[in-house]
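Novice:
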Ligand SMILES: [Zn+2]
Ligand SMILES: [Zn+2]
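Residue numbers (our numbering): -17 to 493.
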């Protein structure tokens, strides 16, 4: 080792019409014991000094051509080659031969950039600063669950991504909401139809809205039901198919969430990329492996939902939940009521499948039936499935009656009470009086209510009043739910698949 000789030095790669790049090198040979205090053997002269003293004949200056330096690392006993990005691999091979290098590490170093690359990088930076970079601003949703409002812009293109109402916002619009409604955007893009992501759409009609087809159908059914207007210009996007708004390219990726038709969205412009997850989970019915493979790698920014960050949430899959529902439904032939969100289509599928396995018919209230019909496809809906029926807990009038009357399979309260068929019924907190009416007719002692929503809603005034009334009728309450949001582990899985330079958590609450 002591007597080993190593060669270190500097070089230029001079463009040449025939060979591509000619190597111009200066070097010195040292004993391997001659390292500096950092454990490196280095060539003592700079490119500037050598050019001025030795090269002059080539004219120009020492910065014109791509260049590099070769040093020796005593700790690894390997050479290190520092070079400009545009030094060709064939020139590096020549360096290896000329400096008699065995093992080496190659490091691209901006310090050795040639004038040509420098100019083009400066031009790119100038262009970027003129048009700006792909930027984002989280207007709301960073330290709170729900009410997402995210602005994404590039040059003069400005997008609003998600247009949610705060979950505890009440009826009055906040100052921020009024400001966002008044702002001119090139488009509003929605990840899914939940109120905390789409609850403000009826207030804005001055730009185009982009969303998935299922999201559009459900939002428009909800708007009809509530007598509200959908925005007049709505375009739908397709899973995996990029589309452009102004200067920004957007690619949607279908993901699993407690809302049917939810998407992660990739935004790309000016060489930068940003992936926004919206709300998602990996324990639903859709395959997470397929999604993780499909998602882009090495994005610049990842904005991810962190509802369950820092919480140990026990989750079961929708399939496991279905099995547990079957157990409840097979216990006896008495009615099973399910308190769930009418727009949680995945849960509706689980409830339907369990009912079928337990030999029960499924009764959907008129709102849930409307949403199921709007979702279409293989979703259990009373206009196609012969074991699914729509009922109404109270007399309807006007448009709501017309919408109900259009449903193929309807069932009235008398038919429900007279039939011997065991049934499962989807209910909502506003239906307590209706269930009391049923209790008087068919005695609900021994029946079960499955509470299939987030536990936190139990503190809601209407829900707690409803649950109290259910208990008063001696109906057993069983909790069966699984989160619509990603667990801590799922989030880690996503992060390691995407490898983002910057990670930003939204839709979360400090614990
Ligand atoms: Zn949400
Ligand atoms: Zn959601």
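Even for Gly, the Cβ is constructed at its ideal location relative to N, Cα and C.
#1: State yes or no: is the C-beta of residue 132 within less than 9 Å of the C-beta of residue 356?
#2: Under a three-way DSSP split, which group does residue 202 fall into?
#3: Just checking residue 324 against ligand 1 - is the residue's beta carbon closer than 8 Å to any of the ligand's heavy atoms?
#4: Distance check for residue 249 and residue 26, CA to CA, integer angstroms please.
#5: Would you be able to state if there are at least three C-beta pairs under 8 Å between the region 363 to 372 and the region 204 to 219?
#6: Under 8 Å Cβ to Cβ from residue 127, same chain only, skipping five residues before and after it: list those, please.
#7: Three-state secondary structure (DSSP) at residue 424?
#8: From residue 45 to residue 66, what does the alpha carbon distance come to, in whole angstroms?
#9: Would you call the region 289 to 302 in contact with the region 462 to 477, where contact means no fewer than 3 C-beta pairs closer than 8 Å?
#10: Say whether chain B places a C-beta atom closer than 9 Å to the C-beta of residue 9.
#11: What does the alpha-carbon distance come out to for the pair residue 156 and residue 91?
#12: Can you tell me whether residue -17 is helix, strand or coil according to DSSP?
#13: Under a three-way DSSP split, which group does residue 451 fall into?
#14: In whole angstroms, what separates the C-alpha of residue -5 from that of residue 480?
#15: Any residue with its C-beta under 6 Å from a non-hydrogen atom of ligand 1 counts. Can you list them all in chain order?
#16: Does DSSP put residue 221 in a helix, in a strand, or in coil?
#17: When we look at the beta-carbon of residue 495 and count the other beta-carbons within 10 Å, is it buried (16 or more) or exposed?
#18: Is it the case that the CB of residue 148 approaches a heavy atom of ligand 2 more closely than 8 Å?
#19: Between which two residues does the beta strand (DSSP E) carrying residue 191 extend?
#20: What is the rounded straight-line gap between the Cα of residue 433 and the Cα of residue 385?
#21: On the CB-based measure, 16 or more other CB atoms within 10 Å of its CB, does residue 379 come out buried or exposed?
#22: Hey, could you find the ends of the beta strand (DSSP E) residue 285 is sitting in?
#23: For residue 345, I'd like the list of residues in its chain whose CB is within less than 6 Å of its CB, leaving aside the five on either flank, ordered along the chain.
#24: So, does the region 450 to 469 touch the region 414 to 434, judging by three or more C-beta pairs under 8 Å?
Specialist: According to the structure data:
#1: Numbered from 1 along the chain shown, position 150 holds the residue referred to as residue 132. Numbered from 1 along the chain shown, position 374 holds the residue referred to as residue 356. In this structure, residue 356 does not lie closer than 9 Å to residue 132 by Cβ.
#2: Counting from 1 along the chain shown, the entry for residue 202 is found at position 220. Judged by DSSP in its simplified three-state form, residue 202 adopts helix.
#3: Reading the chain shown from its first residue, position 342 is the one you call residue 324. Flag unset: Cβ of residue 324 not near ligand 1.
#4: For the purposes of this step, residue 26 is taken as residue 44 along the chain shown, with counting starting at 1. For the purposes of this step, residue 249 is taken as residue 267 along the chain shown, with counting starting at 1. Computed Cα separation, rounded: 48 Å.
#5: With a cut-off of 8 Å, the region 363 to 372 and the region 204 to 219 do not count as touching, because too few Cβ pairs lie within range.
#6: Mapped onto the chain shown, residue 127 falls at position 145. Hits under 8 Å: 149, 178, 289, 489, 490 and 491.
#7: Taking the first residue of the chain shown as 1, we reach residue 424 at position 442. Shown here, residue 424 sits in a helix according to DSSP, grouped into three states.
#8: Locating residue 45 in the chain shown gives position 63, where the first residue counts as 1. Locating residue 66 in the chain shown gives position 84, where the first residue counts as 1. Whole-angstrom Cα-Cα distance: 11 Å.
#9: A contact exists between the region 289 to 302 and the region 462 to 477.
#10: Given the protein chain composition of this structure (a single chain), no chain B is represented.
#11: Taking the first residue of the chain shown as 1, we reach residue 156 at position 174. Taking the first residue of the chain shown as 1, we reach residue 91 at position 109. About 51 Å.
#12: What you label residue -17 is simply residue 1 of the chain shown in a count that begins at 1. Its pLDDT being 49, under 50, residue -17 is placed unreliably by the model, and the measurement read from it follows with that caveat. DSSP, reduced to helix, strand and coil, places residue -17 outside both helices and strands of the structure shown, so it counts as coil.
#13: Position 469 of the chain shown holds residue 451. In the structure shown, residue 451 sits in a helix (DSSP, three-state: H, G or I).
#14: In the chain shown, residue -5 corresponds to position 13, counting from 1. In the chain shown, residue 480 corresponds to position 498, counting from 1. Cα-Cα distance, rounded: 37 Å.
#15: Working through the chain, the matches are 128, 176, 178, 179, 261 and 489.
#16: Start at 1 with the first residue of the chain shown, and residue 221 comes out as number 239. Three-state result, residue 221: coil.
#17: For residue 495 there is no data in the structure shown, the boundaries of the chain being -17 and 493.
#18: As a position in the chain shown, residue 148 is number 166, starting the count at 1. Checking the Cβ of residue 148 against ligand 2 gives no.
#19: Here residue 191 refers to the residue found at position 209 when the chain shown is read from its first residue. 190 to 194 is the span of the beta strand (DSSP E), which, as asked, contains residue 191.
#20: In the chain shown, the residue the question calls residue 433 occupies position 451. In the chain shown, the residue the question calls residue 385 occupies position 403. Straight-line Cα distance between these residues: approximately 28 Å.
#21: By one-based count along the chain shown, residue 379 stands at place 397. The residue is exposed, with fewer than 16 neighbouring Cβ atoms inside 10 Å.
#22: Numbered from 1 along the chain shown, position 303 holds the residue referred to as residue 285. Looking at the DSSP string, the run of the beta strand (DSSP E) that includes residue 285 is 283 to 287.
#23: The count along the chain shown starts at 1 and reaches residue 345 at position 363. Shown here for residue 345: same chain residues with a beta carbon closer than 6 Å to its own, the five before and five after excluded, namely 371, 373, 405 and 407 in chain order.
#24: For the pair of segments examined, the region 450 to 469 was found to touch the region 414 to 434: the number of CB pairs separated by less than 8 Å reaches three.
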